[in-house]
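Trainee: Quick note on the UniProt record's numbering: the sequence shown kicks off at 1 and runs consecutively.
The beta-carbon is built from N, C-alpha and C at its ideal position, and this holds for glycine as well.
Okay, handing you the structure first.
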Amino acid sequence: MYSDILLATGGEAASDRATDHAIQLAAHHDATLHVLYVVDSDVYDAYSGDEYVDEREGPEHGLEEVGEEVVEAVADRARDAGVAVETALRHGRPPETIVEFARETDVDLVVMGTRRRPDEYRSLLGSVTDRVLRLAEMPVTVVKTPVEG
């Protein structure tokens with residue numbers, strides 16, 4: 001049913017269960033797992049970076065390092081489970097970049113994590129997962145992380 005599955009991850013706690021789910025699905029369907037981390041251009045574009053002389057020291061570089069660590073950690077877990085995996089790091093606005101990557105890669109399914117947030121938070125900042133659900137033509141599985149406490 002699935003030959004290519006995309007896990008879009010930011011490495012946060014909400015992605016942990018989604019990662020497990022995506023790896024299990026890929027293993028069950030003998031699918032390739034594509035792991036994508038998007039370096040949010042809005043974050044580093046909004047930062048003046050006046051104190052940085054070398055552009056490699058700015059927030060963009062830090063976000064790239066985090067992204068590389070996140071996709072490699074997921075890739076290691078997938079390989080340990082016997083799943084074929086490909087990793088990618090892209091720059092842009094996360095929702096649009098995730099959907100664009102899914103189209104380019106011709107994935108059969110996108111897997112994303114989410115966790116409950118206050119309504120005020122969502123109305124002010126929105127949700128990457130919510131936006132991907134609205135933009136994507138392909139199926140999107142949302143794996144919820146329960147609220148602790």
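Please go through the same chain and pick out, in chain order, the residues whose beta-carbon is closer than 7 Å to the beta-carbon of Gly149, but skip the five residues on each side of it.
Mentor: Low confidence applies to Gly149: its pLDDT is 44, below 50, so where it sits in the model is not reliable enough to give any reading.
Trainee: Is the CB-CB distance between Arg83 and Ala18 below 8 Å?
Mentor: Note that residue 83 corresponds to Val in the displayed sequence, not to Arg. It is not a contact, given that the beta carbons lie outside the stated cut-off.
Trainee: Buried or exposed: where does His28 fall if 16 or more other Cβ atoms within 10 Å of its Cβ makes it buried?
Mentor: Result: exposed.
Trainee: Any contact between the stretch 73 to 80 and the stretch 126 to 146? By contact I mean 3 or more CB pairs, one from each, below 8 Å.
Mentor: These segments do not touch.
Trainee: Got a sec, what are the start and stop residues for the alpha helix (DSSP H) residue 161 sits in?
Mentor: Residue 161 is absent from the structure shown; the chain starts at 1 and stops at 149.
Trainee: Please classify Asp42 as buried or exposed, where buried requires at least 16 other C-beta atoms within 10 Å of its C-beta.
Mentor: When all chains shown are included, Asp42 counts as exposed.
Trainee: Taking the alpha-carbon positions, what's the Leu133 to His61 distance?
Mentor: Taking the straight line joining both Cα atoms gives about 29 Å.
Trainee: Are the CB atoms of Ser15 and Thr9 within a distance shorter than 8 Å?
Mentor: Their beta carbons are under 8 Å apart, which means Thr9 touches Ser15 by this criterion.
Trainee: Does the beta-carbon distance from Ala81 to Ile5 come in below 8 Å?
Mentor: In this structure, Ile5 does not lie closer than 8 Å to Ala81 by Cβ.
Trainee: Which word fits Asp40, buried or exposed, when buried means at least 16 other C-beta atoms lie within 10 angstroms of its C-beta?
Mentor: Its Cβ being crowded by 16 or more others within 10 Å, Asp40 is buried.
Trainee: Mapping DSSP to helix, strand and coil, what is Glu65?
Mentor: If DSSP states are grouped into helix, strand and coil, Glu65 belongs with the helices.
Trainee: Taking the alpha-carbon positions, what's the Leu7 to Arg103 distance?
Mentor: Those two C-alpha atoms are separated by around 13 Å.
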